[in-house]
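Read in order, the letters of the sequence shown are residues 818 to 1261 in the numbering used here.
So the structure is just underneath, and the comments pick up after that.
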Amino acid sequence: MELSTISKTRTAFNDWLNKEAALQSNLLFESFSSEKVIPKDVLPRKLKGDAYAISCYRDETRWSFLDRVCERISKEGSRFLEDPADRDAIEWTNRLKAIRRDVHKAHAFVRFKKTTEEGKEIFIAWHRPQHLTTDLFIRLFCRRFPTMHWMILTADECAHFENGKVQFSKAYEGQSLEIEDHWEENWRTYYSSIYNPARLMVQAMKKEMPQWHWQTMPESSLIPNLIRQSQNKIHTMAQKSQRSASPYIPTFCQSIEKIQESLPQCEGCSLHAHCRVTPGKGNSKASLLFVGEQPGDEEEKRGEPFIGPAGQLLRKTWEEVGGNWNDLYVTNALKHFKYELRGKMRLHKRPGSDEVAACRPWLQKELELISPKVILCLGSTAALSVSGRLWPVERYRGTWLPSAGQSRILLTYHPAALLRAPDQKKQEYERDFKNDLKLALSVA
Ligand code: SF4
């Protein structure tokens, strides 16, 4: 196989730059549109790279276009290339964009297959660039795989990289690359795992991954099937993401008792299947309402919120600051307990934002019916469910959150956070928690 140290496109560009000498020596690599010699030394250095890229544009007019631009530069300077209304400037920019896009696609779509030759590992890829960009896109691979032996075959020329040096040979004429390689299976597995049917837009996908390149990419064989399966998957995902408690709230729900009565029928999210519901409890005319995250193990067993260890700490602190538990209404963002089993133990599991969103209509109904003066959010899940957005506790604890209604919203720690707090932080947490309860009590 005959190898050259310089690519076909670079040789052609050099011939065009030194057309006069090339014509005289009769060693022109490529035929140019005219034999007229345009002074190429007028090309400013900063434009030489772009001119080379444009010479890689797969089009018969590329040399005459470059000649025309050089002729204009020699007469008027290169400023016209910055004029957005100039036809040559527009074409210059468009051709450059097309080349950059082609190089980008090569970086994304070149797929190497591993094989061995005389006992040595060699990685071979077959790629179909739309323009004559082999010499341009291989530069990234040279930098990225400097110690490997690899080849990229294209229908224009082939690049061979070994011992840190790249060389070129003539075009590859095959229509496929028959090398068995387990990497292909990895590509397919990877592609099907990242494939998101909900984001499938066939036109957009074809634009991003043009069909032109499918022939050289192992994962493309999966695409037609994945598209066919998408509709079913989208339907299931949509059903999952649209789960909500709303259909289970009676149309004329005018009392807290009605909520308590209706809650056991709720199937607004999957949590209903694993345990019993724990409704809110307390004074339905309360001026102060506490919202926690979800019932715990103890609460679920007895069907009452805030009676487990964290609830007892809350009750004790509340009494210490002068509050009366019977004046309150207490509830949770989620009315079912989310847990994971560890042996026979049910361990608390943080709810997902989809579950918080699904259960939110119940809490909103409670807030609407009670309309308290102050809502005390115990932790960020409570604040998310009350206000519809995330408020990190470390940052917003002790502050009044914006409220769309009449009630004022205060954020503090969940009492479980105090139980879990490291020893050196415990006192500080307890002091802040107490201050927040005092503040809530004073305003309510
Ligand atoms: S957690 Fe809320 S939305 Fe989910 S089933 Fe229970 S009550 Fe319904």
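Cβ coordinates follow ideal geometry from the N, Cα and C atoms, glycine included.
- Between Cys-975 and Phe-985, the CB-CB gap stays under 8 Å.
- Near the ligand SF4, residues with a Cβ at less than 7 Å from any of the ligand's heavy atoms are Ala-1062, Tyr-1065, Leu-1080, Cys-1083, Glu-1084, Gly-1085, Cys-1086, Leu-1088, His-1089, Val-1094, Leu-1151, Lys-1152, His-1153, Glu-1172, Ala-1175, Cys-1176, Trp-1179; the list follows chain order.
- Assigned with DSSP and collapsed to three states, Phe-1069 falls in coil, not helix or strand.
- Separation of the CB atoms of Lys-1152 and Val-1094 is rounded to 5 Å, and the pair is thereby assigned contact status at 8 Å.
- For Tyr-1146, the enclosing beta strand (DSSP E) covers residues 1146–1149.
- Leu-1106 and Pro-1096 do not touch by the CB rule: their CB atoms are close to 14 Å apart, not below 8 Å.
- Sequence-distant Cβ neighbours of Gly-1125 in its own chain, meaning closer than 6 Å and more than five residues away, are Gly-1113, Glu-1115, Glu-1116.
- DSSP lists Ser-821, Ala-976 as the bridge partner or partners of Phe-985.
- Taking 8 Å as the cut-off, the beta carbon of Ala-1199 is found closer than this to the beta carbon of Val-1108.
- Exclusion of the five residues before and after Val-920 leaves Thr-950, Leu-953, Phe-954 as the residues of its chain whose Cβ lies within less than 6 Å of its Cβ.
- Residue pairing from DSSP places Gly-1099 in a beta bridge opposite Tyr-1146.
- Between the segment 852–860 and the segment 877–894 there are three or more C-beta pairs closer than 8 Å, enough to call the two in contact.
- Three or more beta-carbon pairs separated by less than 8 Å link the segment 1167–1179 to the segment 1057–1077, which places the two stretches in contact.
- In the DSSP secondary-structure assignment, Gly-1169 is not bridged to any residue.
- In terms of CA proximity to Gly-1099, Tyr-1146 leads the group His-1091, Thr-1134, Tyr-1146.
- Collapsing the DSSP output to three states places Gly-866 in a helix.
- Taking a 10 Å sphere around the C-beta of Gly-1128, we find 16 or more other C-beta atoms and assign the residue as buried.
- Beta-bridge pairing by DSSP links Glu-1157 to Leu-1164.
- It is roughly 34 Å from the alpha-carbon of Tyr-869 to the alpha-carbon of Thr-932.
- By the 16-neighbour rule on beta-carbons within 10 angstroms, Pro-1122 is buried.
- Counting only runs that start and end inside the segment 867–923, the alpha helix (DSSP H) elements of at least 4 residues fall at 879–893.
- Counting along the chain, the unbroken alpha helix (DSSP H) around Arg-1132 starts and ends at 1126–1137.
- As the crow flies, the alpha-carbon of Leu-1195 is around 10 Å from that of Phe-1250.
- For Gly-1109, DSSP records a beta bridge to Asn-1149.
- About 16 Å separates the Cβ atoms of Leu-1130 and Pro-1239, ruling out a contact at the 8 Å cut-off.
- Sixteen is the threshold: when 16 or more other Cβ atoms of the shown chains lie within 10 Å of the Cβ of Lys-825, as they do, the residue is buried.
- Looking at the backbone, the Cα of Gly-866 and that of Glu-938 are separated by about 34 Å.
- Under the DSSP assignment, Phe-929 falls outside any alpha helix (DSSP H), being part of the beta strand (DSSP E) whose first and last residues are 929–934.
- For a cut-off of 8 Å, the C-beta gap from Ile-871 to Leu-913 is around 6 Å, short enough to register as a contact.
- Excluding the 5 residues flanking it on each side, Gly-1215 has same chain C-beta neighbours closer than 8 Å at Leu-1227, Leu-1228, Thr-1229, Asp-1249, Asn-1252, Asp-1253, Leu-1256, in chain order.
- Secondary structure at Thr-1033: helix, using DSSP grouped into helix, strand and coil.
- Membership of Cys-1194 in the beta strand (DSSP E) is indicated by the continuous run 1191–1195.
- Judged by beta-carbon spacing, Trp-1217 lies beyond the 8 Å limit of Arg-1206, meaning their Cβ atoms are not closer than that value.
- For the pair Asp-884 and Ile-907, the CB atoms are not nearer than the 8 Å cut-off.
- The secondary-structure analysis by DSSP pairs Lys-937 across a beta bridge with Glu-934.
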